[in-house]
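Asks: Quick one: structure below, then a few questions.
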Amino acid sequence: MIKYSLKCDKDHQFESWFQNAAAFDKLVQAGMVACTDCGSAKVSKTLMAPALPTKGNITAPKAPLEKIKEQVEANSDYVGLSFAQEARDMHDGLIPERSIYGQANAQDAKKLIEDGVPVLPLPFVPTKKAN
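So the sequence shown is numbered by our numbering: it starts at 61 and just counts up by one.
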């Protein structure tokens, strides 16, 4: 969505939202954008300053993927290349269950899935850290 400052041929100014610039152009050409004061369909865009953040209110939101990575790494044990064996051992009841993450080659990951071991690929590269 994009908001434009508009004015009609009678110099009335108003604002309106459009799906995109092409949608605005199409609606204006079809006479479907009208002045909110006088109803004139002779409408054009005016100069509009972009809404820029000020120095005091700049905060970059974390991407959802970054939040997921933080949660996984904060609440799970990194087991590195022993992931497949640890996941299998937990599934078989040989070691206590806990949240783990690590690395497995495609063959080992496929075998875990075929054997019903509940595993998921991570949508990010894990930070390698000691347990």
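For glycine and all other residues, C-beta sits at the position ideal for the given N, C-alpha and C. Because the structure is a prediction, the values reported are computed rather than measured.
Where does Glu-157 fall in DSSP's three states?
Replies: Within the sequence shown, numbered from 1, the residue matching residue 157 stands at position 97. Coil.
Asks: Candidates Ser-142, Ile-160, Asp-152: which alpha carbon is nearest Ala-45's?
Replies: There is no way to answer for residue 45, as the model of the chain reaches only from 61 to 191.
Asks: Under the three-state reduction of DSSP, which class applies to Gln-131: helix, strand or coil?
Replies: To locate residue 131, count along the sequence shown from 1; it is residue 71. In this structure, Gln-131 counts as helix in the three-state DSSP scheme.
Asks: With respect to the alpha helix (DSSP H) encompassing Gly-88, which residues constitute its N-terminal and C-terminal limits?
Replies: Position 28 of the sequence shown, counted from the first residue, corresponds to residue 88. Strictly speaking, residue 88 in this sequence is Val, with Gly absent from that position. It spans 81-89 - the alpha helix (DSSP H) in which Val-88 sits, taken as one unbroken run.
Asks: Quick one, which of Phe-184, Ala-144, Asp-152 has its alpha-carbon nearest Ala-166's?
Replies: Translated into positions along the sequence shown, residue 166 becomes position 106. It is Ala-144 whose Cα lies nearest to the Cα of Ala-166.
Asks: Who are the near neighbours of Val-179 in its chain, counting only those whose CB is closer than 6 Å to its CB and skipping five residues on each side?
Replies: By 1-based counting over the sequence shown, the position of residue 179 is 119. Within the same chain, Val-179 has close Cβ partners Ala-147, Leu-172.
Asks: Take the Cβ of Cys-68 as the centre, count every other Cβ of all protein chains shown within 10 Å, and call the residue buried at 16 or more, exposed below.
Replies: Along the sequence shown, one-based indexing puts residue 68 at 8. Burial call: buried.
Asks: If you reduce the DSSP assignment to three classes, tell me which class Gln-163 lands in.
Replies: The residue given as residue 163 occupies position 103 in the sequence shown. Here Gln-163 sits in coil by DSSP.
Asks: Taking only the alpha-carbon atoms, compute the straight-line gap between Arg-158 and Asp-152 and give it to the nearest angstrom.
Replies: Mapped onto the sequence shown, residue 158 falls at position 98. Mapped onto the sequence shown, residue 152 falls at position 92. Looking at the two C-alpha atoms, the distance is approximately 13 Å.
Asks: Which of the three DSSP states, helix, strand or coil, is assigned to Leu-141?
Replies: Here residue 141 corresponds to residue number 81 of the sequence shown, with the count starting at 1. Coil.
Asks: What separation, rounded to the nearest whole angstrom, lies between the Cα atoms of Ala-81 and Val-139?
Replies: Translated into positions along the sequence shown, residue 81 becomes position 21. Translated into positions along the sequence shown, residue 139 becomes position 79. Going by the C-alpha atoms only, they are around 50 Å apart.
Asks: Can the beta-carbon of Leu-125 be found less than 8 Å from the beta-carbon of Phe-184?
Replies: By 1-based counting over the sequence shown, the position of residue 125 is 65. By 1-based counting over the sequence shown, the position of residue 184 is 124. Yes, the pair counts as a contact, with Cβ atoms nearer than the cut-off.
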